[in-house]
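At position 154 of the sequence shown (counting the first as 1) the number is 407 in my numbering, and the numbers step up by one without a gap.
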Amino acid sequence: MKLAVFDFDSTLMDGETIDFLAEELGIGEQVTKITEEAMSGRLDFFESLTTRVALLKGMDYQRVVDICSNLPLMPGAMELVPALQKMGYKVVCFSGGFRIGTTPAREKLGLDADFSNVLHEKDGKLTGLIGGDMMFGYSKGDMLQRIQGLMGITRAETLVCGDGANDLSMFAHADTRVAFCAREVLKKEANVVIDTKDLTKILDYIK
């Protein structure tokens, strides 16, 4: 058995979930700027996440559900996941974003699991608060090591794929490290670099 772990936003999904939500509130530019700072490694991930989520306070929860159920998948995602599973991989998504987006994608793509954060809602509105497994810059690496230990999988049997600075922590624990349409900070640590929006290109690099 092998393990393939993918980031969600701008990797399995074409875009950033929080940017789609911010556009709805007319604060897209403000939120996109903070996202870029975090993904490029210039801003602490936890601070950027809590700051951006706070800006969504008061948004109608049902509208959030609707938007997150229809996020655009990255080209090649539908083909890549079953291809990897046929090769003996368990395919998992780690996201610093939200379960409300990763769960519908997990169902569409047939992923084996998704780990992400939960947007807090009360009385049908977002409270601007967030909690979950993927809140910090080190979270993906931490979760990866826990799953590897649980499943008895080595770093040699592990593929990771992401696009931003919060994916660096999982790059430290995998022998196959794919930077997908990624920021320079991640490309430096990768041994596979793909600059085309087509996830099936990953298959060219693995046995």
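We put the CB at the ideal spot given by N, CA and C, even for glycine.
The count of Cβ pairs closer than 8 Å, one atom from the stretch 320-336 and one from the stretch 304-312, stays below three, leaving the stretches out of contact. Rounded to the nearest angstrom, the gap between the Cα atoms of residue 413 and residue 350 is 17 Å. Under the DSSP assignment, residue 409 falls outside any beta strand (DSSP E); it carries neither an H nor an E label. Residue 285 sits in a helix when the DSSP states are folded into three classes.
Comparing C-alpha distances from residue 287 to each of 439, 271, 277 and 369 shows the shortest one belongs to 271. By the neighbour-count criterion, in which a residue is buried when 16 or more other Cβ atoms sit within 10 angstroms of its Cβ, residue 393 is buried.
Excluding its 5 nearest sequence neighbours in each direction, residue 280 has C-beta neighbours in its own chain below 8 Å: 308, listed in chain order. Partner residues in the beta bridge of residue 347, as assigned by DSSP, are 260 and 368.
No Cβ-Cβ contact shorter than 8 Å links residue 326 with residue 387.
Considering only 430, 433 and 421, the residue with the shortest C-alpha distance to residue 294 is 421.
The way I'd put it, the stretch 351-359 does touch the stretch 368-382; three or more beta-carbon pairs between them come closer than 8 Å. Beta bridge pairing from DSSP links residue 429 with 412. Close CB contacts of residue 363 within its chain, under the 7 Å cut and outside five residues either way in sequence, are with 334 and 335 (chain order). For residue 277, the secondary structure class from DSSP, reduced to helix, strand or coil, is helix.
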